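Chains as they are written, first to last, in my numbering: chain A, 1241 to 1574; chain B, 6 to 289. To start, the structure itself, in structure tokens.
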Amino acid sequence: MSATATGRRALPFLVLALVAAGLAALSAAIGDTRLDIVAATGDVLAGRQTLAALILVELRLPRALLGLLTGFSLGLAGAAMQGLLRNPLAEPGIMGVSGAAALGAVVVFYSGLAGAFALALPLGGMAGALAASVILHALAGRGAGVLTLVLAGVAVNSLAGALTALALNLSPNPYAALEIVFWLMGSLADHSLADVALVLAPMLAGWLLLLASAPALDALSLGEDVAQSLGFDLARVRVRLIAGTALAVGSAVAVTGMVGFVGLVAPHLVRPLARREPGRVLWLAGLAGAILTLAADIGLRLLPTQPELNLGVVTAIVGAPFLLVLIRRSQERD
Amino acid sequence: MAGRATGMGRIAAAAIALAAASTGAAGAPTQRIVSINMCADALLLALAEPAQIAALTALSHDPRNFSRADEAARFPATAGRAEDVLALAPGLVLASAFTAPATVSLLRRLGAPLRQLPVASDFPQLRAQMRDVAAAIGQQDRGEAAIAAMDRRLDDLARDMPLPPLSVLALQANNIVAGEGTLADTVIRAAGLTNAAAQAGISGYGRMSLEAMLALAPDVLVIDADGDNAPARANRLLHHPALAALTRNGTRAVTMPSRLWVCAGPDLVDAVAHLRASLRQEGE
């Protein structure tokens, strides 16, 4: 492959990475309080414990980082699910993986386990996401149609929602319902660097598993028989993708709550850039997911609403019409 | 449908008959009072003779929710549903303005004598409410005595322990802060302090980001929480390093058990006393 061809292939990746980094920086620059970002950065570097430095490091930095990490996880997981299931509507939110992860986190939290050790919360999220993925793949089976798969997602989603409601019903804390309703709406606000550190390792592990499946996804786009004849062990690919999704989405949801539709929209946006090769879509969809999440999180802070809107509300308002358009398109194709 | 309507009608007739019987003699204390609101429970315990009370809410039997749980536990509890209440043939039902509308309208339709208490958020409103309830249950004298006792305690507190006018931010779960016109605002002002959230322009209960709290940098952070409470996601906020940094920079953090200031009642003075006492301890 010539140098220019490699350059051309790398260009979309570079552009998206730069936009994501720029948005992360912008996210750190805006907030409730007016902050001289340059002076604050100076204070941080000089080790001065000023209010500005405190706000920048303890509040805005984790927010921007979580936006990047969560967005990348959701976009990447969405692309992987769409590639594996060969279904344009597959996405952690619609398929119930996020809902099940939320259930896992809620159960861990209100059972008091979360206080026992820090990793319990992300582990709960991952366990929920894993259970949902396994159920989904068992239900959907091989080559299931769009409808079957979406119905399976609806079933998993409603089961997870009902069990979450049950856990809240049984919680000894009278405010549990209120706070979990807020949390389920998804938010990057007021997290700490400790939260970021907590989810970083499982997320990166999940990303590696998903990204390593790129060649298999490319082969799968030609059909299962072709992929198998090319030497891919589909059972192993499936396991890897399920585990990767559970790690990435489970830990993201456990911290930020439910941020829907990013995993649906991101892969579709970048597919033209990836010449429709599912493997190439993975990286690009991750970056696009980070961009969408950060942009939504910046947008909601620029809106004059008081209190600020929750991130999941904004992504749903933007994402749900997108889903309708996709359904409409797949109807026309059928 | 018709059978059910007749059944309902029969219950209603029975309820009306009983209500009429129990309030028969003019001026006599109302009997068989049922409260279906925890704050009304507190008012009843303070104002009614024990013999007048037929039932309180199950909530007030839990010492985590209710300061006088021991006293409340001497009375039967209901879950506050219309059926439980009617079965007690109440002479008066006390509910809050925020009691589920379905329950209130059903009780009214079935003829139960029901009084919805408005939410009192300051001491003048509280005194008016105590008078109002005392009159409704035929215990005017006890009402005046309870008000006088409460006012005496307030005066004693104000004289006893002068505090500098510190700015106070009252923080609850989920970033909710108590602004102007809230019960917490009343307690803060009665303790001789200023409410930072009210000064920041928040009226009622509002959400405030951690960032705004840091910028506000109040002298005192009153955390509305119980140490032994069930796990709450919201309490995670209180362990955020940014809040810890705030307390390092000179903000004092004190806790207030929610049960002390969740209700407007004669025991609200306990919240004022608690706030002042914990600030004095912290200050020494």
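All C-beta atoms, glycine included, are put in the ideal place defined by N, C-alpha and C. Since we're looking at a predicted model, the values are computed, not measured.
Nearest to E76/B by alpha carbon, out of Q177/B, Q134/B, T62/B?
Considering only alpha carbons, the answer is T62/B.
Measure how close the beta-carbons of G1503/A and G1529/A come, nearest whole angstrom, since I'm counting them as under 8 Å.
Correct: roughly 7 Å between the Cβ atoms.
Do we get a CB-CB distance below 8 Å when we pair M1241/A with the residues of chain B?
For M1241/A, the predicted structure reports a pLDDT of 47, less than 50, and the residue's modelled location is therefore unreliable. A value from the coordinates is still provided. Chain B, which has no Cβ nearer than 8 Å to the Cβ of M1241/A, makes this no.
Would you kindly work out how many angstroms separate the C-alpha atoms of L1563/A and L1296/A, rounded to a whole number?
About 36 Å.
At what residue ranges does the region 155-203 of chain B contain a whole run of the beta strand (DSSP E), taking only runs of 3 or more?
Correct list: 172-176, 181-183.
For A201/B and L221/B, I'd like the C-alpha separation in whole angstroms.
C-alpha separation (whole angstroms): 8 Å.
With a 10 Å radius around its C-beta and 16 neighbouring C-beta atoms as the bar for buried, classify A31/B as buried or exposed.
Reliability of the predicted coordinates at A31/B is poor, the pLDDT of 45 falling under 50, and the value obtained from them is presented with this limitation in mind. Exposed: under 16 other Cβ atoms inside 10 Å.
Who are L1551/A's beta bridge partners in DSSP?
None, per the DSSP bridge assignment.
Go through the region 104-151 of chain B residue by residue and report every complete run of the beta strand (DSSP E) that reaches 3 residues or more, in order.
Entirely contained in the region 104-151 of chain B, the beta strand (DSSP E) runs reaching 3 residues are, in chain order, 119-122.
Rounded to a whole number of angstroms, what is the C-alpha to C-alpha distance between V225/B and T1273/A?
Their backbone Cα atoms lie some 20 Å apart in a straight line.
List the endpoints of the continuous beta strand (DSSP E) containing G211/B.
Looking at the DSSP string, the run of the beta strand (DSSP E) that includes G211/B is 210-212.
Pop quiz: Q67/B and A74/B are said to be a contact at Cβ under 8 Å. What is the actual Cβ separation, rounded to whole angstroms?
Gln is not the amino acid found at residue 67/B; the sequence shown has Asp there. About 6 Å separates the two Cβ atoms, so the contact holds.
Between the Cα of A1407/A and those of Y1350/A, L1391/A, A1367/A, L1549/A, spot the shortest distance and give me the residue it belongs to.
When only C-alpha atoms are compared, the closest one is Y1350/A.
What does DSSP give as the partner residues of T62/B in its beta bridges?
In DSSP, T62/B forms a bridge with T83/B.
Does the distance from the CB of A102/B to the CB of P129/B come in under 8 Å?
Not in contact: A102/B and P129/B (Cβ atoms no closer than 8 Å).
Counting only the same chain and skipping the five closest in sequence on each side, list residues whose C-beta sits under 7 Å from that of A82/B.
Contacts found: A60, L61, T62, A63, H66.
By Cβ distance below 6 Å, which residues in the same chain neighbour L1353/A in space, the five residues on each side in sequence not counted?
For L1353/A, where only same-chain residues beyond five positions count, the Cβ hits under 6 Å are A1360.
Distance, Cα to Cα, G1368/A vs S1398/A?
Cα to Cα, G1368/A sits roughly 14 Å from S1398/A.
Check whether the Cβ atoms of G1344/A and G1364/A sit closer than 8 Å, and answer yes or no.
Cβ atoms of G1344/A and G1364/A: closer than 8 Å.
Could you check where the alpha helix (DSSP H) with R1476/A kicks off and where it finishes?
1474-1496 is the span of the alpha helix (DSSP H), which, as asked, contains R1476/A.
What residues in the region 1283-1299 of chain A have a beta carbon less than 7 Å from any beta carbon of chain B?
Residues L1291, L1294, I1295, E1298, L1299.
Excluding the five sequence neighbours on either side, which residues of its own chain have a C-beta within less than 6 Å of the C-beta of L1460/A, listed in chain order?
Around L1460/A: A1467.
Just to confirm my understanding: we take T191/B, look at its own chain, exclude 5 residues before and 5 after, and list those with CB closer than 6 Å. What are they?
Here the set comprises D127.
Report yes or no: do the region 1443-1463 of chain A and the region 1479-1497 of chain A share at least 3 C-beta pairs separated by less than 8 Å?
Contact holds: three or more Cβ-Cβ distances are below 8 Å.
Could you compute how far the alpha carbon of A1257/A sits from the alpha carbon of A1514/A?
Straight-line Cα distance between these residues: approximately 15 Å.
Can you tell me which of H279/B, N254/B, A125/B, G148/B puts its alpha carbon nearest to the alpha carbon of A196/B?
The residue with the shortest Cα to Cα distance from A196/B is H279/B.
Is S1432/A close to chain B, meaning its C-beta is less than 8 Å from at least one C-beta of that chain?
At least one chain B Cβ lies under 8 Å of S1432/A.
Against P246/B, what residues of chain A qualify as contacts under a CB-to-CB distance less than 8 Å, listed in chain order?
Neighbours of P246/B on chain A, chain order: E1298, S1432, L1433, A1434.
Note down, in chain order, every chain A residue with its Cβ under 7 Å from the Cβ of R212/B.
Correct list: P1547.
Assuming A47/B and C268/B are in contact, meaning their beta carbons sit under 8 Å apart, how far apart are those beta carbons, in whole angstroms?
Their Cβ separation, rounded to whole angstroms, is 5 Å, which keeps A47/B and C268/B in contact under 8 Å.
Let me know the secondary structure DSSP gives T260/B once reduced to three states.
Reduced to three states, the DSSP call for T260/B is strand.
Taking DSSP as the reference, what is the three-state secondary structure of D1430/A?
In the structure shown, D1430/A sits in coil (DSSP, three-state: anything other than H, G, I, E or B).
Answer with buried or exposed for E1548/A, where buried requires no fewer than 16 other C-beta atoms within 10 angstroms of its C-beta.
By the neighbour-count rule (16 or more Cβ atoms within 10 Å), E1548/A is buried.
Which partner residues of S40/B appear in the DSSP bridge assignment?
S40/B is bridged to L99/B.
Between the C-alpha atoms of A1372/A and A1535/A, what's the straight-line distance to the nearest angstrom?
One C-alpha to the other measures close to 29 Å.
Quick one: what's got a C-beta closer than 6 Å to A1269/A's C-beta in the same chain, skipping five residues either side?
Cβ neighbours of A1269/A beyond the five flanking positions: I1277.
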